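Before any comments, here is the structure.
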Amino acid sequence: MLGSVETKSVSPVFVGRTTELDTLTNALARAAAGEPQAVLVGGEAGVGKTRLVEEFAAVARRRGAIVTLGGCVEIGADGLPFAPFSTALRQLRRELPEQLAAAASGQEEELARLLPEIGTSATREARRDEQGMARLFELTARLLERVTTEHTVVLALEDLHWSDASTRHLLAYLFRTLRTGRLVVLATYRSDDIHRRHPLRPLLAELDRVRTVQRVELGRFNRDEVHRQIAGILAREPDPDRVDDIFDRSDGNAFFVEELAVAADEGCCTGLTDSLRDLLLVRVEGLPETAQRVARIVAEGGSTVEDRLLAAVARLTEDDLIEALRAGVNANILAPAPDRDGYRFRHSLVREAVSDDLLPGERSRLNRRYAEALEADPTLVPADERVTRLASYWYHAHDAVKALPAVLDASVEARRRHAYAEQLRLLERAMELWDTVPDAVRATLRPVDYAEIYPPCGGDPETPLRYLDLMAEAAVAGRLCGERERSLKITKRALRLLDEDPEPLRAAWFWVQRSLLTQALARGDGWAELGTAQDLVRGLPPSEVHADVLASAAGWSMLHEPGPEAMAAAERAVEYARMVGAPDIELNARLTLGGLMVDAGDIETGLAEMYEVRDRAIELGVDMVVARAHVNLPSVLEGVGRSEEAATLLAEGVHIARRLGLLDSEGWVWGNLAESFHSLGRWDEAAQAAANAQRFEQNAKPRAGGSTRLAHLAYDRGDLAEAARRLADARAFFGTHDPMPQYALPMKRVALGIAADEGRLPDARAELLAALDTGLPPGTQRYGWPLLLAATTAEADARGAQATDAGRPEILERVRKAAKTLATGVPVWRAYDLWLRAELLRAEGRTAPDEWSAAVEAVEPLGRPYDLARVRFRLAEALLSSGAGDDERARATELLRLADAVAGHLGAAPLARAAALLAQRARLVPALAAREAAPTPADPVEALGLTSRERDVLRLVAAGHTNRRIAEELFISPKTASVHVSNILAKLGVSGRGEAAALAHRLGLFPAEAGERLAAGY
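Here it is as structure tokens:
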């Protein structure tokens, strides 16, 4: 519109910033090699962040990169949801239209929330669920990875200090998850604005912990750089005294240097002004009056004001407006907007100063004129910004009658874009306005009616919107955006209102919300809240709320207290959901019902139900149920020993969750896949899957599951320190407020094994007793059997130690009693039962080769190589302990060879060392010849003059074993063991067994090794 204009105060010379620019160009080079880069650039206002980005963008373009710029848009005090991403993606679409269309193919419906041009309003009304925002983030990351497969792209986002919460969440997600693609994500922010309560501050703290994010902090110029900047601005060598004066007054801030240099060159008295605001305003006040007026209008319109909107608000003739704008641009106060026909202040500091200088009535009047112009012609601004900007203009015009409906419309738009944080802010603003609006106006408003299955107002669409309805919307928005404390406060307030004016269905709905929030905030297990909801709907006609309450109760019971009551609740939920036509609730309840059937022993019927639900959910496109089916069904399959089938389904689940962008679901899938891989002997893949489960931070529980699995793997491989660390992580993720058996029992199983291997048998017993005192309810046999086995193995391994023999009969009796309550309806459970029976006999000192042979026979068909190796090892031990003849020794040798081969393949060092030790004690020297033993250091015991057999005896004496136990361990007679002990005492020059044990410990002759346990309980 204006053509070329003069911009005198901007230096044509790029001053300083060599190190910072090198950092950015190095990041560009790494990105071009296929390694995505994330860079945060911070600095105070006016220090030169935008100029650095401009110079880097020029370098990137010269190297063939595509550069897209997006700025966080401020309208009054409000940010537009996803504004910088929408702007940048719009530019990317113009640069690479075919590539972006191909990358977005099949996901236009979701991605249209960021880039409306690729979808329609009809598609944008589709899927709305609890993981909607997470799905949008995942799909955005995948879009960028695909587009940048063949093109290097710089995505620059400016002014994060104005960013909305949804933008911040998306940026954090990209910084954490981008792993492939030729992409640089560059973001700038004003560091001097980040006070303690600034919403950007937590994000910056979080990103400081992300290893892949680089931070660049721009400092102020030194005197030499200020001198070069002034010379560039004036196009001549400046007077040294003037440089000193400007350097002192600007303190090296690049923007202040510009303003002071130009003011001084023009003979302005600015140099005598102490007020920063006056410094920023002085050149605005030097504009013609009409230009000043236009500057004030632009300042209140937002970060950028469109040309046609400005004309409508300014109400000047076209020529007068052009002249006013030309004056502002020539003075380098205003600048044409880079991404649309409009204008913005060249520097936000000036805009803020001009806006702050407005009188209160003047500000309200300008906002009203903006709102009236936009209502008269909605095409004045981009369609995706229209409702949000209109709501902001009316709100800041202090016209509650106009603002309330506009704010509600904006909240709907925010929700459609999964910008739940902005939706919550707008709904809170609507609640603030509610009492200031006349009843007659409120009577014209209708429910937004999205709050999940919150009951629509009496079922009558003509019933006016009520304050309670706003609270329901806000409660859901707060839960979805992670503002759970705010959501809980709203929920509690709503329930207090419902105490005064009872409405059972609405109250029940809010109690379900309170249950979800209580669990998420680790304030309890949520059952009391669900119980209240059930009481409220009891006796009422069927409804979606009633069905949802029953389904929620059944789902809770499945995880905490599976049994007949849980199954009855699930059946009623299915029945009610069918009656009211709620397929999502019906399918969810049926999935729960199928799992409960399996827990109750009706395995094939339950699995068939779950498979049918999965197929039906895929057919209907109920994404959340599809995802849940690929979590729960494989978990149930794993629980009944069908690990291969579970792993196949879980591999499909990874792709489905990724395609739908369901982050929590993907975390659950990876955790379950780690468990199945562990069972199948694919331990390296199990470790990778468990690590993948920990990448998703939406919910701590999948991360707890991943940590538990990593702890289990570390334990089986003999790394007790790593196992303990991972176990602590799991407990921290899960907390103590909600002890679900599926988490508590596996964690206790690992804790018990670690304690036993570290010689802390009382602690191991405490873990077992705590679990048994809590109980092993129906459906927990998949966790109960391994726990009982681990406890019994620990007792058997400790047998003969006087300090721990006391109390063993009581422990073993508790184990037997608990085992009687566990189901044995599938092969894997029957195998555990036989294995436990054999282990109980070993703990009582009986060899029982027949029982171990039965256990081996039961485990062999399961396809669980580690479990099979363990029972084979025990059978070999039993055969050698029972007066073995040549046939038994030959069989034991083969069993040990097989067990050792599996242990070596898996890296199960404890089992490998146990097998080697048994072969050594039994003089089966050729037994493990198939696998070379690792070189070992010289034996320090030899220096004491002890023979190899005396070394073995001393090791057992140091462990506190009696002569009888030593004889059993070494397959010798008690009398021979006694002779060896006497010889050892003489050689060591000590008077008794206690002194011998103390000397061995003091000299560190037998350091405690996880490898000397016999894979206890695993």
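Numbering follows our numbering, in which position 303 of the sequence shown is assigned residue number 303; successive positions increment by one, without gaps.
Where is the CB? At the ideal position from N, CA and C, for every residue including glycine.
The structure displayed is predicted, hence computed values, not measured ones.
Asn-632 and Leu-680 have their C-alpha atoms roughly 19 Å apart. Proximity to Asp-501 across His-961, Gly-252, Tyr-467 peaks at Tyr-467, based on C-alpha coordinates. DSSP, reduced to helix, strand and coil, places Ala-335 within a strand of the structure shown. Secondary structure of Gly-653 (DSSP, three-state): helix. His-961 carries a strand assignment under DSSP once its states are collapsed to helix, strand and coil.
A check of alpha carbon separations from Phe-677 across Leu-650, Ile-656, Gly-667 identifies Leu-650 as the nearest.
Boundaries for Ile-194: no alpha helix (DSSP H) harbours it, and the DSSP string shows neither H nor E there. Shown here for Ala-674: same chain residues with a beta carbon closer than 6 Å to its own, the five before and five after excluded, namely Ala-686, Ala-689, Ala-690, Arg-709 in chain order. Within the model, the alpha-carbon separation for Ala-796 versus Ala-711 is close to 23 Å. Taken in chain order, the whole beta strand (DSSP E) runs of length 3 or more contained in the segment 421-507 number zero. No residue range can be given for Phe-221, since it is assigned to no alpha helix (DSSP H) and is classified by DSSP as neither H nor E. Contact between the segment 818-836 and the segment 783-790 is established, with three or more Cβ pairs separated by less than 8 Å.
The beta carbon of Gly-653 lies closer than 6 Å to those of His-630, Val-669 in the same chain, with the five residues before and after it left out. The alpha-carbon separation between His-161 and Asp-599 amounts to approximately 52 Å. The beta carbon of Glu-54 sits closer than 7 Å to none of the beta carbons in its chain outside the five residues before and after it. Beta-carbon to beta-carbon, Val-210 and Arg-168 are separated by about 14 Å, too far to satisfy the 8 Å threshold. Counting the other CB atoms within 10 Å of its CB gives Lys-975 a total below 16, which places it among the exposed residues. Runs of the alpha helix (DSSP H) lying entirely within the segment 589-662, each at least 4 residues long, are 603-620, 623-639, 643-660 in chain order. Out of Pro-447, Val-381, Ala-373, the CA that lies nearest to the CA of Trp-394 is found in Ala-373.
As the crow flies, the alpha-carbon of Pro-827 is around 20 Å from that of Arg-816. Looking from the CA of Pro-116, the closest CA among Gly-252, Ala-551, Asp-384 belongs to Asp-384.
If you compare the alpha carbons of Leu-593, Leu-505, Ala-520, Ala-112 with that of Thr-532, the shortest gap goes to Leu-505. Sequence-distant Cβ neighbours of Gly-478 in its own chain, meaning closer than 7 Å and more than five residues away, are Leu-424, Arg-484, Arg-486, Ser-487, Ile-490. Secondary structure at Ile-66: strand, using DSSP grouped into helix, strand and coil. Taken through DSSP and simplified to helix, strand or coil, Arg-315 comes out as coil.
Here Arg-62 is exposed, its C-beta having fewer than 16 other C-beta atoms within 10 Å. Inter-segment contact for the segment 290-303 and the segment 342-351 is present: three or more beta-carbon pairs are separated by less than 8 Å.
For a cut-off of 8 Å, the C-beta gap from Pro-741 to Thr-792 is around 20 Å, too long to register as a contact. Assignment of Leu-713 by DSSP, reduced to helix, strand and coil, places it in the helix class.
Pairing Leu-988 with Thr-804, the inter-Cα distance amounts to about 27 Å. Around the Cβ of Pro-338, a 10 Å sphere holds fewer than 16 other Cβ atoms; the residue is exposed. Just so you know, the alpha carbons of Tyr-611 and Glu-98 end up roughly 39 Å apart. For Arg-113, no beta strand (DSSP E) segment is defined, and its DSSP state is neither H nor E. Taking the CA atoms as reference points, Ala-520 sits about 12 Å from Phe-733. Taking a C-beta distance under 8 Å as the contact criterion, Gly-594 and Val-613 qualify as a contact pair. For Ala-156, the uninterrupted beta strand (DSSP E) run begins and ends at 153-158, by DSSP.
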